[in-house]
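Asker:
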Amino acid sequence: MTVTIHPSAIVDPAAKLGEGVGIGPFCVVGPDVTLGDGVRLVSHVAVDGRTSIGAGTVIYPFASIGHRPQDLKFHGEPSELVIGARNQIREHVTMNPGTEGGGMITRVGDDGLFMMGSHVAHDCIVGDHVIMANNATLGGHVTLGDYVIIGGLSAVRQFVRIGSHAMIGGMSGVENDVIPFGLVMGDRARLAGLNLVGLERRGFKKDDIHALRAAYRMLFGSEGTFAERVEEVGRDFGESALISDVLTFIRAKEARSLCQPRES
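Position 212, counted from 1, in the sequence shown is what my numbering calls 209; the numbers after and before it change by one each time, with no gaps.
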């Protein structure tokens, strides 16, 4: 499969282009860029820095990929942006490379959908099958698990972790870590239950979902301390893989507190 480059595009001769790459009108591709097989830049796409983009990813007009991080502590260190395969990166999306203060890499997984105007900041780690809706924003050093959905016009504060299969409602401001399978919403987001619709759509068994709901009620109940409730859930539901994922996430928490339900 041949590479096709529109005459109006500017592609540095040092850029590495896989088989079947298509570069449309008025795109700009820098010297340290690697485009995997079948990557398509529709038009007016700017890709720079030490950026690699996986096979089959499509990037739409006016996206800015791999340019200097929006971090005043960045001083030109040779950091990277690594984007996986089969992503859909829509109009005006921005993704920045890592920094010395965050491991030198921003990593985006496979099969994601990044809608118009969404932003992946420096040093973020984004899992597979993630959806970020229009104008959703990640601060620096954010971690998203697989199958996370970020609603439109939402903002996730720097260093926050969001567990796999969690859903963030639109127009939410997320300041604290979100457990796997959690559903949060609000201008200062609070935990509003579990992402039951997502769990059902992805084929989780009903018995597993029922157990997860029971564990959730125990975790965020009123008896004892939160640490005691975590240990109780571990004893009562220790054989459940879904609940084990939640407990592992909670026990690994770092700087941020957990997003909690709103007090009644």
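Glycine included, C-beta positions come from ideal geometry on N, C-alpha and C.
Looking only at its own chain, which residues have a Cβ that is under 6 Å from the Cβ of Ser261, when we skip the five neighbours before and after it?
Answerer: Residue placement at Ser261 cannot be trusted, given a pLDDT of 49 that sits under 50; what the coordinates show is reported in the next sentence. Excluding positions up to five away in sequence, the list is empty.
Asker: With a threshold of 6 Å on Cβ separation, who are the neighbours of Ala60 within its own chain once the five nearest residues in sequence on each side are excluded?
Answerer: Val42, Ile86 and Val90
Asker: Under the three-state reduction of DSSP, which class applies to Ile128: helix, strand or coil?
Answerer: strand
Asker: Start and end of the alpha helix (DSSP H) containing Thr245?
Answerer: Ala238 to Arg248
Asker: Measure the CB-CB distance between Gly17 and Gly35 and report whether it falls below 8 Å.
Answerer: Taking 8 Å as the Cβ cut-off, Gly17 and Gly35 qualify as a contacting pair.
Asker: Under the three-state reduction of DSSP, which class applies to Gly218: helix, strand or coil?
Answerer: coil
Asker: How would you write the range of the beta strand (DSSP E) that Arg104 sits in, first residue to last?
Answerer: For Arg104, the enclosing beta strand (DSSP E) stretches over residues Ile102 to Val105.
Asker: Would you identify the three-state DSSP class for His116, choosing helix, strand or coil?
Answerer: The DSSP-derived three-state label of His116 is strand.
Asker: Locate the alpha helix (DSSP H) running through Leu193, then write down its first and last residues.
Answerer: Segment Leu193 to Arg198, the alpha helix (DSSP H) holding Leu193.
Asker: DSSP three-state label for Val230, please.
Answerer: helix
Asker: Can you list, in chain order, the residues of its chain with a C-beta nearer than 7 Å to that of His3? Leave out the 5 residues immediately preceding and following it.
Answerer: Ile20, Gly21 and Pro22
Asker: Under the three-state reduction of DSSP, which class applies to Leu150: helix, strand or coil?
Answerer: coil
Asker: Helix, strand or coil for Glu77, going by three-state DSSP, please let me know.
Answerer: Glu77 sits in a strand when the DSSP states are folded into three classes.
Asker: Output needed for His126: all residues of its chain with C-beta closer than 7 Å, excluding positions within five of it in sequence on either side, in chain order.
Answerer: Answer for His126: Asp108, Gly109, Asp143 and Tyr144, listed in chain order.
Asker: Give me the Cα-Cα distance between Ala208 and Ser237, rounded to the nearest whole angstrom.
Answerer: A direct Cα-to-Cα measurement between Ala208 and Ser237 gives close to 8 Å.
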